[in-house]
Amino acid sequence: MITIVSESALEILSDDAMLSRLGDPCQASNLEWSTFSWSDVRELGGLIAFDQRRPIHVLVGKPADRVHSDRVVSHVWSGPIPPGSLYHLAPGVLIASPGFCYLMASGSLSKPRAISIGMECVGLYGRRHDARGFSDRNQLMTKAELVDYLKGAKGCYGCRNALRFLPYVLERSRSPMETAMVLVLTIPSREGGFGLPRPELNMTIRPRPNEFSLSQRSHYEVDACWERQRLVLEYNSYSDHLSREALDRDAMKANSLRSLGWKVLVVTRAQLEGDALSVLAYQVARGLGIKRRHPKAEERDRLLEELL
């Protein structure tokens, strides 16, 4: 029996209906989760493709069980597996839960990478190896459910980091770039970020009845929002926002929000690099009415390299 973990598990779970089809988690203590066989791999069928450039990530119980293949990445887990960590995916195949993926990432990856995986777990997208790079889906779990999972993982490797990183894990991000944008703005300056207050993601703004004449729609969902300071940050990707319909929609949305008293900043990919990013951070800080110490350029760029 093999156990699919890490980015391989999350890619399979990027299918919007997959997690609900898996049913309830299984009891790891009753399963031989750490064995590996190529016959079990064949049971995956078309669920995920893998090769030397895109190896499949599996769980093993000790270093001696590592699989020696350029098509497989082995992750060693030697302690007990927390409740709610594994699901049956196919005959002879288990898959890690979103919470277990975050726990493992917190024990083996850098803080920014682990947080970004946490945000994928509680976000509205799943990373994929295709042209777009991700798919839209519902949340795999809420942040409250992630907290509950970690309560059952006390003492497990990575749990201390997972709990320490949790304040930076924000719910309802809609894309990897949205996640990267928010993290580089909010991670402390000593770690390469700008240390700005954390926003609410994909919040719905509704005009009051006396403001209906100022708005094109009854409500707007905004990418990042600091509600008390009435500041909105919108990330516009080149792939989703360059059609005539998208340009019209974005312009009407920004105009309506500004008329309703919101400050609106629009971000593109080019603004998440180098000095352009520093200018954006100054603009956000000014919109929030605060001042923050900015990171050194080399630390900022190192963080960006991890996130983008």
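Heads up, the numbering used here is the position in the sequence shown plus 14, with the first residue counted as 1. All residues carry an ideal CB built from backbone N, CA and C; glycine is no exception.
Checklist entry - To which residues of the same chain is Trp91 closer than 8 angstroms at the C-beta, ignoring the five residues directly before and after it? => result Numbered from 1 along the sequence shown, position 77 holds the residue referred to as residue 91. Within the same chain, Trp91 has close Cβ partners Ser48, Leu73, Val74, Gly75, Met118 and Tyr171.
Item to check | Three-state secondary structure (DSSP) of Asn152 | outcome: As a working mapping, residue 152 is identified with position 138 in the sequence shown. Coil at Asn152, not helix or strand.
Item to check | Bridge-paired residues (DSSP) for Met266 | outcome: As a working mapping, residue 266 is identified with position 252 in the sequence shown. Beta-bridge partners of Met266 (DSSP): none assigned.
Next on the checklist: If the criterion is Cβ atoms closer than 8 angstroms, does the pair Lys267 and Tyr234 meet it?
Outcome noted: In the sequence shown, counting from the first residue as 1, residue 267 sits at position 253. In the sequence shown, counting from the first residue as 1, residue 234 sits at position 220. A contact, by the Cβ cut-off of 8 angstroms.
Checklist entry - Can you give the beta carbon distance from Gly93 to Glu57, rounded, assuming they're within the 8 angstroms contact cut? => result Position 79 of the sequence shown, counted from the start, is the residue given in the question as residue 93. Position 43 of the sequence shown, counted from the start, is the residue given in the question as residue 57. Not a contact, Cβ separation roughly 27 angstroms.
Checklist entry - Could you give the distance in angstroms between the alpha-carbon of Gly288 and the alpha-carbon of Asn250? => result Taking the first residue of the sequence shown as position 1, residue 288 is located at position 274. Taking the first residue of the sequence shown as position 1, residue 250 is located at position 236. The alpha-carbon atoms of Gly288 and Asn250 are separated by roughly 18 angstroms.
Checklist entry - How big is the Cα-Cα spacing for Leu228 and Ser189? => result Here the question's residue 228 lines up with position 214 in the sequence shown. Here the question's residue 189 lines up with position 175 in the sequence shown. If I take the Cα positions, the gap works out to 29 angstroms.
Next on the checklist: Suppose you measure from the CA of Cys115 to the CA of Glu319; what does that come to, to the nearest Å?
Outcome noted: Walking along the sequence shown from the start, residue 115 turns up at place 101. Walking along the sequence shown from the start, residue 319 turns up at place 305. Each residue's alpha carbon lies about 22 angstroms from the other.
Checklist entry - Glu241: buried (16+ other C-beta within 10 angstroms of its C-beta) or exposed? => result Counted from its first residue, the sequence shown places residue 241 at position 227. It is exposed - the Cβ of Glu241 has fewer than 16 other Cβ atoms within 10 Å.
Next on the checklist: On the criterion of 16 or more Cβ atoms from any shown chain inside 10 Å, does Ala145 qualify as buried, or is it exposed?
Outcome noted: Here the question's residue 145 lines up with position 131 in the sequence shown. Result: exposed.
Item to check | Inter-residue spacing [alpha-carbon to alpha-carbon] between Leu108 and Gly98 | outcome: For this step, residue 108 is matched to residue 94 along the sequence shown. For this step, residue 98 is matched to residue 84 along the sequence shown. Looking at the two C-alpha atoms, the distance is approximately 12 angstroms.
Item to check | Contact set for Ser124: own chain, Cβ-Cβ below 8 angstroms, skip 5 residues either direction | outcome: As a position in the sequence shown, residue 124 is number 110, starting the count at 1. Excluding sequence neighbours, Ser124 sits near Glu320.
Item to check | Rounded Cβ spacing between Ile16 and Phe50 (contact assumed at less than 8 angstroms) | outcome: Within the sequence shown, numbered from 1, the residue matching residue 16 stands at position 2. Within the sequence shown, numbered from 1, the residue matching residue 50 stands at position 36. At roughly 5 angstroms, the Cβ-Cβ gap stays under 8 angstroms, so Ile16 and Phe50 are in contact.
Checklist entry - Quick one: complete alpha helix (DSSP H) runs, 4+ long, within the region 44-95? => result 52-56
Checklist entry - From the DSSP output, which residues share a beta bridge with Lys305? => result Along the sequence shown, one-based indexing puts residue 305 at 291. Note: Lys305 sits in no beta bridge, so no partner.
Next on the checklist: Counting C-beta neighbours from all protein chains within 10 Å, is the total for Phe179 16 or more, i.e. buried, or is it exposed?
Outcome noted: For the purposes of this step, residue 179 is taken as the residue at position 165 of the sequence shown. Answer is buried; the Cβ neighbour count reaches 16.
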